[in-house]
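Asks:
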Amino acid sequence: MQIETRMVLPDITEEDCDSALMFACIDYMMASGRTPYIIRMFVAWYAAINPKTGAFYRLEAEIIFPNIVGLPRKDQKAVARSVAREWGKLEIMPHPTNDLTDNWTKLRNALR
Numbered sequence: 152m153q154i155e156t157r158m159v160l161p162d163i164t165e166e167d168c169d170s171a172l173m174f175a176c177i178d179y180m181m182a183s184g185r186t187p188y189i190i191r192m193f194v195a196w197y198a199a200i201n202p203k204t205g206a207f208y209r210l211e212a213e214i215i216f217p218n219i220v221g222l223p224r225k226d227q228k229a230v231a232r233s234v235a236r237e238w239g240k241l242e243i244m245p246h247p248t249n250d251l252t253d254n255w256t257k258l259r260n261a262l263r
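First residue of the sequence shown? That's 152 in our numbering, and the numbers climb one at a time after it.
1. Compare the beta carbon distance of Phe216 and Ala199 with 7 Å and say whether it is the shorter of the two.
2. Tell me whether the beta-carbon of Cys168 lies closer than 7 Å to the beta-carbon of Val194.
3. Under 8 Å Cβ to Cβ from Ala235, same chain only, skipping five residues before and after it: list those, please.
4. Please report how far the alpha carbon of Ala212 lies from the alpha carbon of Ile163, in whole angstroms.
5. Determine the contact status of Ala171 and Trp196, defining contact as a CB-CB distance below 7 Å.
6. If you run the structure through DSSP and keep just helix, strand and coil, what is Phe207?
7. Excluding sequence positions up to five away, which residues of its chain have a Cβ less than 7 Å from the Cβ of Pro202?
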C-alpha cells in the first residue's frame, strides 16, 4: 500500500527532501572522507537541477546531466534513474580508489 506523502507531510515538498538528502550526503562524505559512486551521482544530479549551487560539482553536473535543469521534475528523476542504472555497471565507478576524497579534505580544512 502506497501512502500519499502529501497527506502525511503536507508542507514538505520533494525539493525539500532533495535538500535534506543533499545535506545528509555532504555530512557523510565529510565525516567518512569517502564519496561512494551513488552519492557522487546524487550530488552531481542535485547540482545539475539546482544551478544556484555555483561551482560546487558544476563540472560533474554538466558532464553527467547536461541540460537537465529545464526538464520537468518527472523527467529529471527519470534521467537520474537511467544514469544510476548504467553508472553502477561501469567497473571503474564503484571501485574504492575512485572516491572523490580530495575535495572533501579541502572543504573540511576550510571549515576549521
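The C-beta atom is built at its ideal place from N, Cα and C for all residues, glycine as well. All values reported here derive from a predicted model rather than from experimental measurement.
Replies: On the basis of the data shown:
1. Start at 1 with the first residue of the sequence shown, and residue 216 comes out as number 65. Start at 1 with the first residue of the sequence shown, and residue 199 comes out as number 48. Against a cut-off of 7 Å, the Cβ pair of Ala199 and Phe216 comes out as a contact.
2. One-based indexing of the sequence shown puts residue 168 at position 17. One-based indexing of the sequence shown puts residue 194 at position 43. In this structure, Val194 does not lie closer than 7 Å to Cys168 by Cβ.
3. In the sequence shown, counting from the first residue as 1, residue 235 sits at position 84. Ile189 and Met192.
4. On the sequence shown, position 61 is the one that residue 212 refers to. On the sequence shown, position 12 is the one that residue 163 refers to. When rounded, the distance between both Cα atoms is 25 Å.
5. Taking the first residue of the sequence shown as 1, we reach residue 171 at position 20. Taking the first residue of the sequence shown as 1, we reach residue 196 at position 45. Not a contact, by the Cβ cut-off of 7 Å.
6. Along the sequence shown, one-based indexing puts residue 207 at 56. Here Phe207 sits in coil by DSSP.
7. Position 51 of the sequence shown, counted from the start, is the residue given in the question as residue 202. Cβ within range, chain order: Val220.
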